[in-house]
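In what follows, a structure is listed as structure tokens, so that the remarks can point back to it.
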Amino acid sequence: MDSLNPDHPPLIETPAPPRVWKFWGTALWGLLIFVAMFVGQIGAIVLLVVLRGLPMDLASLQSIGHEPQALALSVIMGLPATLAAVWLAIRIKKASFTDYLALYWPSWRQLLFGAVGLVLIVLAWEVVSRSLGREATPGFMTDLLKSGRDKGAALMLLIAFSVAAPMSEEVLARGFLFRGWSASFLRVPGAIVLSSLVWTIVHLQYDMYFLAEVFSIGLWFGYMRYRANSLWLTIILHALNNLTAVVLTMWLGS
1 MDSLNPDHPP LIETPAPPRV WKFWGTALWG LLIFVAMFVG QIGAIVLLVV
51 LRGLPMDLAS LQSIGHEPQA LALSVIMGLP ATLAAVWLAI RIKKASFTDY
101 LALYWPSWRQ LLFGAVGLVL IVLAWEVVSR SLGREATPGF MTDLLKSGRD
151 KGAALMLLIA FSVAAPMSEE VLARGFLFRG WSASFLRVPG AIVLSSLVWT
201 IVHLQYDMYF LAEVFSIGLW FGYMRYRANS LWLTIILHAL NNLTAVVLTM
251 WLGS
């Protein structure tokens, strides 16, 4: 037998390297995924315009889009569109959806560590905001959430901003983008920074001060994604952060 013959050692099969989109492939697919998210979101607004029999023009889209219920539905509908585009990109590479996005549950210790770090970052920005006399939450978000509460859309907004938005954004940023860019010449540090920058750009409705806060939180999420090898961890942290902000703004904010 070859296994017993030193002149003919047994063959050892080395596992094939994982199929991953590298820098440009990840960047191009990331753009397509973002477009899919946008199409899913705007599609919900278009559907409401059609159902109400309004003219299909910019004025109607803006009018519907400013309603809390419509905005919440828009954010929610962005999630399936994002997941579909990410699934397609990973499917083309014939890779495992779970492995590609690191959809593994974190340990309680990792979750606690990530939550403590997030709380410290948020508190630090809170102190800076108070020292500068700034609002801790953008004014338009405060108006939107309180208007939604008064109009009976609190639950929809809670689901949109605490479930759908964190999942969509994390699957794109810390899931797909981080996975591909960390396997490219950027390596892990570059992937953390660039994916955080992209995530910040998604929030361009904020001013530069709040964008800086978003970027710093993105860096922490990226580090935790790498440290724990778990996208579920950053989804949970993102959801907890948004949930706290929404609840405090709706019912306890001044």
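Take the sequence shown: its position 35, counting from 1, is numbered 35 in this note's numbering, and each next residue is one higher.
From the three backbone atoms N, C-alpha and C, an ideal C-beta is built for every residue, glycine too.
Can you tell me whether DSSP reads residue i as helix, strand or coil?
i    : result
K22  : coil
G152 : coil
P80  : helix
Y100 : helix
A59  : helix
R91  : helix
T137 : coil
R52  : coil
F185 : coil
W105 : coil
Could you spell out where the alpha helix (DSSP H) holding residue i opens and where it closes?
i    : result
F113 : 108 to 132
V171 : Neither: V171 is in no alpha helix (DSSP H) and is coded neither H nor E.
S182 : 178 to 182
Whole-angstrom Cβ separation of residue i and residue j, contact assumed at under 8 angstroms?
i    : j    : result
P68  : S147 : 6 angstroms
W220 : I121 : 6 angstroms
A173 : V198 : 6 angstroms
G40  : P80  : 7 angstroms
R255 : L101 : No answer is possible for residue 255: the residues shown for the chain start at 1 and end at 254.
I236 : L111 : 7 angstroms
Handout entry: Stretch-stretch touch, CB-based, cutoff 8 angstroms, three pairs: the region 102 to 113 with the region 183 to 196
Key = no
Handout entry: Runs of alpha helix (DSSP H) wholly within the region 190 to 244 (minimum 4 residues, chain order)
Key = 208 to 228
Practice task
Would you be able to state if there are at least three C-beta pairs under 8 angstroms between the region 152 to 163 and the region 71 to 86?
Solution key: yes
Practice task
Check whether the region 180 to 187 touches the region 200 to 211, counting contact only when three or more Cβ pairs, one atom from each stretch, lie closer than 8 angstroms.
Solution key: no
Handout entry: Inter-stretch contact (C-beta, 8 angstroms, three-pair minimum) for the region 232 to 249 and the region 138 to 145
Key = yes
Practice task
Could you tell me whether the region 111 to 119 touches the region 27 to 36, where touching means 3 or more Cβ pairs closer than 8 angstroms?
Solution key: no
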